[in-house]
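Participant:
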Amino acid sequence: MALNFINHNPWIFAFGLLGNIFSFIVFLAPVPTFIRVCRKKSTEGFQSVPYVVALFSAMLLIYYSTLNADELFLMTINSVGCFIETIYIALYIAYAPKKARIFTVRFFLLLDVVGFCLILLVTQFVVKRPYRARVIGFVCGGLSVSVFAAPLSIMRTVIRTKSVEFMPFSLSLFLTLSAVTWLFYGLLLKDLFVALPNTLGFTFGMAQMILYAIYRNAKPAAELELPQHKATTVEVEAEASLDTPEQRHHEKYCMDLETQAAPAAPMLNSAA
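What follows is the structure in structure tokens.
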């Protein structure tokens with residue numbers, strides 16, 4: 002099938018291949034996080050939802066590619082993505098606390114097993130064959146839009162804290178390149194279900210890189226120093242407000258909880 006792409010339109014082959022490469026790099030972005038998880042034998046408080054949703058998205062895109070003869074590259078990268086995301090989920094379950102582990106297993110079974118099987122059964126036995134690709138395309142498109150909209154929370158954090166700590170430039174760059182290549186891939190194949198969501202991905206990717214350029218050298222808001230006399234006054238008032246040893250112990254416990262910030266979950270990749 003790839004040879005047919007070269008003979009028919011070499012640009013489709015080129016953008017499909019580049020899309021596979023860039024998406025593969027994005028799929029590998031959480032590797033340092035899970036290396037740290039394995040070393041510390043702890044998930045350190047970050048959530049499993051992005052990985053379960055990413056696996057569901059990859060499974061749907063594989064199903065969509067089976068309904069379209071020209072979607073070879075979409076099938077290859079999402080097959081690799083399913084394998085990688087499954088490893089992430091398995092590692093998360095192995096090292097997560099009991100409550101997080103139970104939630105992850107339940108969410109995985111509900112979305113990736115029950116949800117996917119329901120979609121598969123409905124489209125196979127209820128939807129007529131000529132309309133199956135369109136129905137799955139709408140589902141995949143909607144899911145891709147939600148995936149691309151996920152970084153909005155990270156962007157809001159960057160603006161509020163004036164820090165790009167949790168938005169590395171390399172990841173934003175490869176997310177943007179991935180969106181661009183799949184955008185042109187979809188346009189060349191005249192597949193709007195692939196092209197349109199990646200238009201949004203390209204827009205958010207560019208916005209992230211612009212924010213990075215603006216705040217890369219900015220002093221984080223958390224590190225802004227207050228005048229010494231004001232800080233001293235606040236500390237004195239805070240000590241005075243703690244009348245009993247029990248209150249002081251409770252206050253220290255709350256402060257300890259607030260300072261233990263969990264690492265941000267890696268951003269999702271949508272290879273479509």
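In terms of my numbering, the numbers along the sequence shown are unbroken and rise by one, the last being 273. Every residue gets a Cβ at the ideal spot worked out from N, C-alpha and C, and that includes glycine.
State whether the stretch 192–204 contacts the stretch 142–160, with contact taken as three or more CB pairs (one from each stretch) at a distance under 8 angstroms.
Facilitator: Yes: at least three Cβ pairs fall under 8 angstroms.
Participant: Compare the Cα-Cα distances from residue 58 to each of 168, 175 and 120 and report the closest residue.
Facilitator: 120
Participant: With 16 other CB atoms within 10 Å as the buried threshold, where does residue 218 fall?
Facilitator: Here residue 218 is exposed. Its C-beta has fewer than 16 other C-beta atoms within 10 Å.
Participant: Alpha helix (DSSP H) containing residue 44: first to last residue?
Facilitator: Looking at the DSSP string, residue 44 is not in any alpha helix (DSSP H), and its letter there is neither H nor E.
Participant: Hey, could you find the ends of the alpha helix (DSSP H) residue 171 is sitting in?
Facilitator: For residue 171, the enclosing alpha helix (DSSP H) covers residues 170–190.
Participant: Run through DSSP, which three-state label would residue 205 get?
Facilitator: helix
Participant: Can you confirm whether residue 212, when its beta carbon is compared against all beta carbons of chain C, has any partner nearer than 7 angstroms?
Facilitator: You won't find chain C in this structure, because it holds only one protein chain.
Participant: Roughly how many angstroms lie between the CA atoms of residue 35 and residue 64, to the nearest whole one?
Facilitator: 28 angstroms
Participant: According to DSSP, is residue 49 helix, strand or coil?
Facilitator: coil
Participant: Would you mind stating whether residue 1 and residue 182 have Cβ atoms separated by less than 7 angstroms?
Facilitator: Any property of residue 1 remains undetermined from this structure, which presents the chain solely from 2 to 273.
Participant: Looking at C-alpha atoms only, which residue of 23, 18 and 13 is the closest neighbour of residue 180?
Facilitator: 23
Participant: Does residue 100 come out as helix, strand or coil in the three-state DSSP assignment?
Facilitator: helix
Participant: What first and last residue would you give for the alpha helix (DSSP H) that runs through residue 154?
Facilitator: 153–162
Participant: Can you tell which of 210, 125 and 171 has the C-alpha that lies nearest to the C-alpha of residue 26?
Facilitator: 171
Participant: Thinking residue 186 and residue 20 are a contact (beta carbons under 8 angstroms), I'd like their distance in whole angstroms, please.
Facilitator: 6 angstroms
Participant: Okay, do the stretch 122–137 and the stretch 33–50 touch, 3+ Cβ pairs below 8 angstroms being the bar?
Facilitator: Output reads no: the stretch 33–50 does not touch the stretch 122–137.
Participant: Determine the direct distance from the alpha carbon of residue 30 to that of residue 197, and round the result to whole angstroms.
Facilitator: 24 angstroms
Participant: Can at least three beta-carbon pairs, one atom from the stretch 64–74 and one from the stretch 127–143, be found at a separation below 8 angstroms?
Facilitator: yes
Participant: Can you tell me whether residue 193 is buried or exposed? The criterion is at least 16 other CB atoms within 10 Å of its CB, across all chains shown.
Facilitator: exposed
Participant: Go ahead and label residue 214 buried or exposed: buried means 16 or more other beta carbons lie within 10 angstroms of its beta carbon, across all protein chains shown.
Facilitator: exposed
Participant: In angstroms, rounded to a whole number, what distance separates the CA positions of residue 17 and residue 157?
Facilitator: 32 angstroms
Participant: Looking only at its own chain, which residues have a Cβ that is under 8 angstroms from the Cβ of residue 165, when we skip the five neighbours before and after it?
Facilitator: 159, 212, 213, 216 and 217
Participant: For residue 195, does the count of other Cβ atoms within 10 angstroms reach 16, so buried, or fall short, so exposed?
Facilitator: buried
Participant: Should residue 14 and residue 85 be called a contact, given that it needs their Cβ atoms to be closer than 7 angstroms?
Facilitator: no
Participant: What first and last residue would you give for the alpha helix (DSSP H) that runs through residue 135?
Facilitator: 130–150 is the extent of the alpha helix (DSSP H) around residue 135.
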